[in-house]
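See structure below.
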Amino acid sequence: MEFTCDDSLLQMYAEGQLGAVERTIMAEHIKGCPGCRARVVAYKGLLWDLAQPDPEPLPLPPQLDSLSDRLMDAWTEAQAPQTWQKASLSWTQTVPAVDMALGAAGRMGRSLPRLGAAGLSGLGRLLRRGGGGR
Amino acid sequence: MELDEQIVTLCQRGRQDGFARLLLTYQERVYRRAYSFVHNRDDALDLTQEVFLKVIRSVGSFAAGRPLWPWLRRITTNVALNFLRDRPALLSLDGAENLPEPAGGEDPLDAAVSAWTARQLNQALANLPPLLRMAVVLRHHEGLSYEEVAQAMEVPLGTVKTYLFRARRALRLELSREV
Ligand SMILES: [Zn+2]
Chain A
1 MEFTCDDSLL QMYAEGQLGA VERTIMAEHI KGCPGCRARV VAYKGLLWDL AQPDPEPLPL
61 PPQLDSLSDR LMDAWTEAQA PQTWQKASLS WTQTVPAVDM ALGAAGRMGR SLPRLGAAGL
121 SGLGRLLRRG GGGR
Chain B
1001 MELDEQIVTL CQRGRQDGFA RLLLTYQERV YRRAYSFVHN RDDALDLTQE VFLKVIRSVG
1061 SFAAGRPLWP WLRRITTNVA LNFLRDRPAL LSLDGAENLP EPAGGEDPLD AAVSAWTARQ
1121 LNQALANLPP LLRMAVVLRH HEGLSYEEVA QAMEVPLGTV KTYLFRARRA LRLELSREV
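Protein chains in written order, with the working numbering: chain A, 1 to 134; chain B, 1001 to 1179.
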């Protein structure tokens, strides 16, 4: 086992993270070391696959919809003080309202009636399906 | 970007349709990212809720015109890290990454074909200790640099390298076993 058979260096090489000198040394080494050559190929394949979009994206749980509703309630509660207090009201002063709204939603469980559905069902269902990322 | 700016502007005016758009555009993405960190549906739902509660509290001071996702990703990462810190057992780095190299080395011809499936890769990711998986997700799914991953995870650069080296070695070994 030589210095150049180091697994971390092989990963950096496969990832293109080595400086010019180290890269040259590693390239020379790999020519004569089948084990390292195989590992570099495996790491390149792994890095490539990790960067691809997931062909089998995670199924979304139905609870995300009721979570949307509770969050809309929390938003509405958080805005309430601003409608009748001074416009200069700082955001931190609305925090208790957020906590109260979520506390109430939590106590009522996940069977809350759909609120804010106007905003969600219309423009929204379209957009939701578009969201990407894995 | 234009959509983000609209969303932020509407939210800062206290408009319900602004926050509805924000949820519809980003809730799924936040959930998926949270899930990739904790690999548990209920925990990912809780984290998603926490992220958007923080958003409600702080979107007022967000600079309109900046892209929303990097901000949401940072909040999601922070919330997930706090979740993990409350559960020391999950912070352990021990696990699949301690696999030994196959005895006698790998056959270069076998290893040259990366024939694992996406499902096998996802399973191997799921088997990683959470902190190692988080480093891989931020580096390779989110495309952050090593330095950005270090910032996001609030650890030194050397630690991130260690996480990534151990994680990718574990993935390679686990996948080469299955091929
Ligand atoms: Zn070698």
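Note that CB positions come from ideal geometry on N, CA and C, so glycine has one too. Source: prediction; values computed, not measured.
Cutting at 6 angstroms between CB atoms, please list the residues of its own chain near VAL1059 (chain B), excluding the five before and the five after it.
Position 59 of the second sequence, counted from the start, is the residue given in the question as residue 1059 (chain B). Answer for VAL1059 (chain B): CYS1011, listed in chain order.
With C-beta atoms as the reference, is ILE1129 (chain B) less than 8 angstroms away from LEU1164 (chain B)?
Counting from 1 along the second sequence, the entry for residue 1129 (chain B) is found at position 129. Counting from 1 along the second sequence, the entry for residue 1164 (chain B) is found at position 164. According to the sequence displayed, residue 1129 (chain B) carries Pro and not Ile. No, these two residues do not count as a Cβ contact at 8 angstroms.
For the stretch 1114-1145 of chain B, which residues have a beta carbon sitting closer than 8 angstroms to at least one beta carbon of chain A?
Within the stretch 1114-1145 of chain B, the residues whose Cβ lies closer than 8 angstroms to some Cβ of chain A are SER1114, TRP1116, ALA1118, ARG1119, LEU1121, ASN1122, VAL1136, HIS1140, HIS1141, GLY1143, listed in chain order.
Nearest to LEU1173 (chain B) by CA position, among A:ALA27, A:ALA42, A:ASP69, is which residue?
Against the second sequence, residue 1173 (chain B) aligns to sequence position 173. Per the Cα distances, A:ALA42.
For GLU56 (chain A), which residues in chain B fall below 7 angstroms Cβ to Cβ?
Here residue 56 (chain A) refers to the residue found at position 56 of the first sequence. Correct list: ALA1118, ARG1119.
Since LEU47 (chain A) meets chain B, which of its residues come closer than 9 angstroms, beta carbon to beta carbon?
Translated into positions along the first sequence, residue 47 (chain A) becomes position 47. Neighbours of LEU47 (chain A) on chain B, chain order: HIS1140, ARG1168.
Determine, for LEU1171 (chain B), whether the minimum Cβ-Cβ distance to residues of chain A falls below 8 angstroms.
By 1-based counting over the second sequence, the position of residue 1171 (chain B) is 171. Yes, LEU1171 (chain B) counts as interfacial toward chain A.
Let me know the secondary structure DSSP gives ARG1013 (chain B) once reduced to three states.
As a position in the second sequence, residue 1013 (chain B) is number 13, starting the count at 1. It is coil, neither helix nor strand.
Could you give the DSSP three-state label for ARG1066 (chain B): helix, strand or coil?
On the second sequence, residue 1066 (chain B) is found 66 positions in, with the first residue counted as 1. Three-state DSSP puts ARG1066 (chain B) in a strand.
Under 8 angstroms between C-beta atoms, does MET26 (chain A) make it to chain B?
In the first sequence, the residue the question calls residue 26 (chain A) occupies position 26. Closer than 8 angstroms: no.
Cα-Cα, which of B:GLY1018, B:GLU1002, B:LEU1132, B:LEU1081 is closest to ALA1034 (chain B)?
Position 34 of the second sequence, counting from 1, holds the residue named residue 1034 (chain B). Here the closest residue by C-alpha is B:LEU1081.
Can you check whether the CB of LEU1023 (chain B) is closer than 8 angstroms to the CB of PHE1052 (chain B)?
For the purposes of this step, residue 1052 (chain B) is taken as the residue at position 52 of the second sequence. For the purposes of this step, residue 1023 (chain B) is taken as the residue at position 23 of the second sequence. Yes, Cβ-Cβ distance for PHE1052 (chain B) and LEU1023 (chain B) is below 8 angstroms.
Mapping the DSSP letters down to three states, classify CYS5 (chain A) as helix, strand or coil.
Here residue 5 (chain A) refers to the residue found at position 5 when the first sequence is read from its first residue. It is helical.
Let me know the secondary structure DSSP gives GLN1123 (chain B) once reduced to three states.
Residue numbering aside, residue 1123 (chain B) sits at position 123 when the second sequence is read from its first letter. Reduced to three states, the DSSP call for GLN1123 (chain B) is helix.
Take the Cβ of GLN11 (chain A) as the centre, count every other Cβ of all protein chains shown within 10 Å, and call the residue buried at 16 or more, exposed below.
Taking the first residue of the first sequence as 1, we reach residue 11 (chain A) at position 11. Flag for GLN11 (chain A) reads buried.
So with Cβ pairs under 8 angstroms, would you call ALA51 (chain A) a contact of chain B?
If you number the first sequence from 1, residue 51 (chain A) lands on position 51. Yes - at least one Cβ of chain B is within 8 angstroms of the one on ALA51 (chain A).
How about ILE1056 (chain B): is its C-beta nearer than 8 angstroms to some C-beta of chain A?
Here residue 1056 (chain B) corresponds to residue number 56 of the second sequence, with the count starting at 1. With 8 angstroms as the cut-off, ILE1056 (chain B) counts as an interface residue toward chain A.
Is the separation between the beta-carbon of LEU1045 (chain B) and that of THR1025 (chain B) shorter than 8 angstroms?
Here residue 1045 (chain B) is taken as the residue at index 45 of the second sequence, counted from 1. Here residue 1025 (chain B) is taken as the residue at index 25 of the second sequence, counted from 1. Not a contact, by the Cβ cut-off of 8 angstroms.
Return the residue from the list A:THR4, A:ALA74, A:PRO55, A:GLY45 that minimises the CA-CA distance to ARG1119 (chain B).
In the second sequence, residue 1119 (chain B) corresponds to position 119, counting from 1. The option with the nearest alpha carbon to ARG1119 (chain B) is A:PRO55.
With a threshold of 8 angstroms between beta-carbons, can TYR43 (chain A) be considered close to chain B, or not?
Start at 1 with the first residue of the first sequence, and residue 43 (chain A) comes out as number 43. Answer yes: the Cβ-Cβ gap between TYR43 (chain A) and chain B drops below 8 angstroms somewhere.
Let me make sure I understand the geometry here. Which of A:THR24, A:GLU15, A:LEU46 has the alpha-carbon closest to that of ALA1115 (chain B)?
For the purposes of this step, residue 1115 (chain B) is identified with residue 115 of the second sequence, where counting begins at 1. Ranking A:THR24, A:GLU15, A:LEU46 by Cα distance to ALA1115 (chain B) puts A:LEU46 first.
Please list, in chain order, the residues of the stretch 1-20 of chain A that have any C-beta partner in chain B closer than 7 angstroms.
Cβ contacts with chain B: ASP7, SER8, GLN11.
Just verifying my parser: in three-state terms, what is the DSSP assignment at SER1145 (chain B)?
As a position in the second sequence, residue 1145 (chain B) is number 145, starting the count at 1. Reduced to three states, the DSSP call for SER1145 (chain B) is coil.
Tell me, please, whether the CB atom of PRO62 (chain A) is closer than 8 angstroms to any CB atom in chain B?
In the first sequence, counting from the first residue as 1, residue 62 (chain A) sits at position 62. No, its Cβ sits nowhere closer than 8 angstroms to a Cβ of chain B.
Restricting to Cα atoms, I'd like to know which of B:GLU1028, B:VAL1079, B:ARG1085, B:ARG1133 is closest to ARG1169 (chain B).
Working through the second sequence from its first residue, we reach residue 1169 (chain B) at position 169. Ranking B:GLU1028, B:VAL1079, B:ARG1085, B:ARG1133 by Cα distance to ARG1169 (chain B) puts B:ARG1133 first.
Determine the direct distance from the alpha carbon of GLN1006 (chain B) to that of HIS29 (chain A), and round the result to whole angstroms.
As a position in the first sequence, residue 29 (chain A) is number 29, starting the count at 1. As a position in the second sequence, residue 1006 (chain B) is number 6, starting the count at 1. Computed Cα separation, rounded: 54 angstroms.
Which whole-angstrom value is the C-beta distance of VAL1136 (chain B) and LEU58 (chain A), which I expect to be below 8 angstroms?
Locating residue 1136 (chain B) in the second sequence gives position 136, where the first residue counts as 1. Locating residue 58 (chain A) in the first sequence gives position 58, where the first residue counts as 1. Contact flag wrong, Cβ pair sits at about 16 angstroms.
Considering Cα atoms alone, identify which of B:HIS1141, B:GLY1018, B:VAL1149 is closest to LEU71 (chain A).
Start at 1 with the first residue of the first sequence, and residue 71 (chain A) comes out as number 71. It is B:GLY1018.
Compare the C-beta of GLN1027 (chain B) against all C-beta atoms of chain A and say whether one is closer than 8 angstroms.
The count along the second sequence starts at 1 and reaches residue 1027 (chain B) at position 27. It does: the Cβ of GLN1027 (chain B) has a partner Cβ on chain A nearer than 8 angstroms.
Can you give me the start and stop residues for the alpha helix (DSSP H) that ALA1115 (chain B) sits inside?
Here the question's residue 1115 (chain B) lines up with position 115 in the second sequence. No alpha helix (DSSP H) contains ALA1115 (chain B), which DSSP labels as neither H nor E.
Are there any heavy atoms of ligand 1 lying less than 7 angstroms away from the beta-carbon of THR24 (chain A), as far as the coordinates show?
Residue mapping note: residue 24 (chain A) aligns to position 24 of the first sequence, counting from 1. No.
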